[in-house]
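Q:
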């Protein structure tokens, strides 16, 4: 079957289940300054568990960089509308290709806030998984937006700021001083951290434009009134490390859980003991995956 998409097929990844019985299709929304290949272990486990995985890199990431795109630049939009729409294109593609299978959307970190934007306007999802996420206070978001607005005015939308990186990613890493690498904060698994550090398509600076869009995106997804068109019966699973600085060691994740429960009554939370930012690239990732599959399997029957 030939399916026309606004996304070039070369930007679409398809990994098929290796089981006779297929349970569903997972779509992944990855985080900032990384790409889908960071999820290769998770994808393999999902395939073994009976799930196809179909996804794309976000604009300005992964294969888009290989294709000549500006690293860490999404679009001229004020928020993440363009990357949200790309995810919706993928979800519609899955619906056409596998009309009888359940669809599960996994969003990690920045990708979790993209996924939250998707469910504000798209109902055809059977479960939502948010990893490495958090609810960020509005005053923090507004301060960030003022700063990146000023920097973009001075240097342009496609400019980069080492200062923004210093007060975000580097601040996260300083929590785990003395540091072995610039990226100790993502995991205790040294091999996984080294792979990330050595990958030129991971950990790069993103544009001031993307930081501005991120600020607007967070203001949008942390407004409970924006979910009036959502499927309020959608099962949502929050899984994060209790040592993840993005989630403020669980506090931000618990706040997000309480926020979502205002609308989504099937929301659950799992704070994984000892884990940092990437629970599926951690030393206890098998345990986290078992918990994930238990949630998905029990909610799509």
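Numbering (the working numbering), first residue to last: 5 to 305.
Every residue, glycine too, gets a C-beta built ideally from N, C-alpha and C.
DSSP three-state label for residue 5, please.
A: Here residue 5 refers to the residue found at position 1 of the chain shown. Because residue 5 sits at a pLDDT of 44, beneath the cut-off of 50, its placement in the model cannot be relied upon, and the following sentence gives the value as read from the coordinates. The answer is coil: DSSP assigns residue 5 none of H, G, I, E or B.
Q: Please work out which residues of its chain come closer than 8 Å, Cβ to Cβ, to residue 214, disregarding the five sequence neighbours upstream and downstream, and give them in chain order.
A: For the purposes of this step, residue 214 is identified with residue 210 of the chain shown, where counting begins at 1. Excluding residues within five positions, the ones whose Cβ falls inside 8 Å are 36, 64, 76, 77, 78.
Q: Are residue 231 and residue 272 touching if we call contact CB-CB under 8 Å?
A: Working through the chain shown from its first residue, we reach residue 231 at position 227. Working through the chain shown from its first residue, we reach residue 272 at position 268. Not closer than 8 Å, so no.
Q: Name the one or two DSSP bridge partners that residue 64 has.
A: Locating residue 64 in the chain shown gives position 60, where the first residue counts as 1. BP columns for residue 64 are empty, so no partner.
Q: One question on the structure: do residue 259 and residue 91 come within less than 8 Å of each other, judged by their Cβ atoms?
A: Here residue 259 refers to the residue found at position 255 when the chain shown is read from its first residue. Here residue 91 refers to the residue found at position 87 when the chain shown is read from its first residue. Not a contact, by the Cβ cut-off of 8 Å.
Q: What did DSSP end up calling residue 121 once you bin it into helix, strand or coil?
A: Walking along the chain shown from the start, residue 121 turns up at place 117. Helix at residue 121.
Q: Beta-carbon separation of residue 58 and residue 17 under 8 Å?
A: On the chain shown, position 54 is the one that residue 58 refers to. On the chain shown, position 13 is the one that residue 17 refers to. Going by C-beta atoms, residue 58 is nearer than 8 Å to residue 17.
Q: Return the CA-CA distance between residue 223 and residue 217, expressed in angstroms with no decimal places.
A: Taking the chain shown and counting its residues from 1, one reaches residue 223 at position 219. Taking the chain shown and counting its residues from 1, one reaches residue 217 at position 213. Rounded to whole angstroms, residue 223 to residue 217 spans 10 Å at the Cα level.
Q: Closest to residue 25 by C-alpha separation, out of 207, 56, 285, would be which residue?
A: Your numbering for residue 25 matches position 21 in the chain shown. Comparing Cα positions, the closest option is 56.
Q: Looking at the secondary structure, which residues open and close the alpha helix (DSSP H) in which residue 155 lies?
A: On the chain shown, residue 155 is found 151 positions in, with the first residue counted as 1. That run of the alpha helix (DSSP H) goes 142-159.
Q: Leaving out five residues on either side along the sequence, give the residues of the same chain with a beta carbon under 8 Å from the beta carbon of residue 190.
A: Against the chain shown, residue 190 aligns to sequence position 186. Cβ within range, chain order: 196, 197, 200, 280, 281, 282, 285.
Q: Using three-state DSSP, classify residue 115 as helix, strand or coil.
A: Here residue 115 refers to the residue found at position 111 when the chain shown is read from its first residue. Of the three classes helix, strand and coil, the one that applies to residue 115 here is helix, per DSSP.
Q: Do three or more CB pairs link the region 27-41 to the region 100-115 at distances below 8 Å?
A: Yes: at least three Cβ pairs fall under 8 Å.
Q: Spatial neighbours of residue 6 within its chain, please: CB distance less than 8 Å, with the 5 preceding and 5 following residues excluded, ordered by chain position.
A: For the purposes of this step, residue 6 is taken as the residue at position 2 of the chain shown. Per-residue confidence for residue 6 stands at a pLDDT of 48, beneath the threshold of 50, marking its modelled position as unreliable; no derived number is given.
Q: Classify residue 302 as buried or exposed, calling it buried when 16 or more other Cβ atoms lie within 10 Å of its own Cβ.
A: Here residue 302 refers to the residue found at position 298 of the chain shown. Per the 10 Å Cβ criterion, exposed.
Q: Buried or exposed: residue 239, going by 16 or more other Cβ atoms within 10 Å of its Cβ?
A: The count along the chain shown starts at 1 and reaches residue 239 at position 235. By the neighbour-count rule (16 or more Cβ atoms within 10 Å), residue 239 is buried.
Q: Examine the Cβ distances between the region 37-49 and the region 201-209 and report whether three or more of them are shorter than 8 Å.
A: The region 37-49 vs the region 201-209: in contact.
Q: With 16 other CB atoms within 10 Å as the buried threshold, where does residue 269 fall?
A: Position 265 of the chain shown, counted from the start, is the residue given in the question as residue 269. It counts as exposed.
Q: Suppose you measure from the CA of residue 109 to the CA of residue 122; what does that come to, to the nearest Å?
A: As a working mapping, residue 109 is identified with position 105 in the chain shown. As a working mapping, residue 122 is identified with position 118 in the chain shown. Answer to the nearest angstrom: the Cα atoms are 10 Å apart.
Q: With contact counted as at least three CB pairs below 8 Å, one residue from each stretch, are the region 171-182 and the region 129-136 in contact?
A: Contact fails: fewer than three Cβ-Cβ distances are below 8 Å.
Q: For residue 134, write down the residues that DSSP places opposite it in a beta bridge.
A: Taking the first residue of the chain shown as position 1, residue 134 is located at position 130. Paired residues: 111, 242.
Q: Residue 253 by DSSP, collapsed to three states: which one?
A: The sequence position of residue 253 within the chain shown is 249, counting from 1. In the structure shown, residue 253 sits in coil (DSSP, three-state: anything other than H, G, I, E or B).
Q: Which residues bound the beta strand (DSSP E) around residue 18?
A: Numbered from its first residue, the chain shown carries residue 18 at position 14. Here the beta strand (DSSP E) through residue 18 covers 16-19.
Q: If we ignore side chains and look at the alpha-carbon of each, how far apart do residue 338 and residue 181 end up?
A: No answer is possible for residue 338: it lies beyond the span of the chain, which begins at 5 and ends at 305.
Q: For residue 56, does the three-state DSSP call read helix, strand or coil?
A: Locating residue 56 in the chain shown gives position 52, counting from the first residue. It is a strand residue.
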